[in-house]
Structure formats: structure tokens, C-alpha cells
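Some notes on the structure that comes next.
Numbering (this note's numbering), first residue to last: 10 to 191.
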């Protein structure tokens with residue numbers, strides 16, 4: 010494979026406990042460093058992961074070419090569907106799991122499927138409405154579990170696994186086949 014040109018965005022994080030690499034669906038390479046970490050050491054580590062980065066960038070490019078961006082009209086049509094489907098799904102999953110949330114916001118988020126604030130308010134991407142129902146329910150479970158654990162700790166994953174009948178890893182893997190906003 011020929012070398013691929015890319016730049017690495019270095020992000021310092023107070024929450025990070027170790028150095029990690031992410032290739033975003035848009036094809037950006039992000040190097041996350043704990044706030045106390047050495048940038049020089051992190052960049053050297055990223056360089057040692059060059060082959061992984063290039064493969065991940067190629068996968069991201071392939072996914073983007075398979076899924077062209079939606080037109081504004083398509084987004085508005087999807088918004089109408091999402092405003093009906095997503096609140097119903099979230100409420101059904103909330104009732105089934107016993108996990109409560111504050112309010113729901115539906116956004117045209119292209120970088121994440123959902124989020125949960127520290128107050129227990131949930132935001133979902135309108136692009137979830139294009140996914141199979143089991144994946145929409147999985148995202149709802151994931152965000153509802155954040156109302157209990159505001160992190161991705163072992164306890165959080167245990168709770169998600171409990172409410173997904175032990176299928177958290179499989180569902181998360183399936184979700185990676187989709188890109189919000191495309």
C-alpha cells in the first residue's frame with residue numbers, strides 16, 4: 010500500500026488515562042493525550058502505528074464514497090421521521106429498562122449518534138432514524154445508561170450489556186458500519 014498523506018490533530022484531555030488514536034468518519038486523525046502526557050512520546054507512538062492509521066483512513070474513505078452526503082431536502086424529510094420515531098423508541102426503551110432521562114433533543118449531529126448531559130438530558134442524531142430498529146434501541150440504551158454512569162467505565166458497560174441481553178459488543182460493532190450524516 011502506498012503511503013497516504015495525513016496530518017495528526019493532537020488533543021490533550023483531562024479525562025484520558027492513556028494515549029489513543031482515532032480516525033474520524035470524515036478522515037481526520039486524532040491523537041488523544043492525557044493532560045500530563047508527553048507530546049513527543051505520543052507522536053512517536055502514533056508514528057509506530059502508521060500502518061494502522063493508513064488502513065483506518067482507507068476504510069473511512071471507502072465508507073464515505075459508499076454513502077454520499079444527504080441533500081438539505083433529504084435532511085428535512087429525515088428530521089420529520091426522526092421527530093416521530095426517536096422519542097417513541099427512547100420512551101419505550103426507558104420504560105423497559107427503568108432508566109429515566111430529563112428531556113430529549115434531536116439534532117443534525119454528524120459526528121456522534123447521541124450524548125447525555127450531566128443533568129440526564131439526552132440528545133440524539135436525527136440520522137439514527139435511518140438505522141435498523143435494534144441499533145436505534147442500542148444507542149438509546151447506551152445514552153440512558155449514561156444517566157447512571159457518566160463515563161465508559163466497566164460498570165457502565167456492564168449496565169449496557171445487561172440491557173442489551175449481552176450483545177453490547179456486537180451491536181457496537183454493527184453501528185460502526187454506519188456514519189451519522191451520510
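We put the CB at the ideal spot given by N, CA and C, even for glycine. Predicted, not measured: the structure shown is a model, and the values here were computed from it.
If you draw a straight line from the Cα of residue 157 to the Cα of residue 107, it is about 11 Å long. In this structure, DSSP gives residue 157 a state outside helix and strand, which the three-state scheme calls coil. Ranked by Cα distance from residue 90, the options 110, 111, 69 and 116 are led by 116.
Between residue 186 and residue 177, the C-beta gap is not smaller than 7 Å, which leaves the two residues out of contact. Within the segment 37-75, the complete beta strand (DSSP E) runs of at least 3 residues fall at 38-43. If you check the CB distance, residue 54 and residue 21 do not come in under 7 Å. Going by DSSP, residue 18 is part of the beta strand (DSSP E) stretching over 17-22.
Inclusion of residue 147 and residue 131 in the CB contact set at 7 Å is not warranted, their separation being larger than that value.
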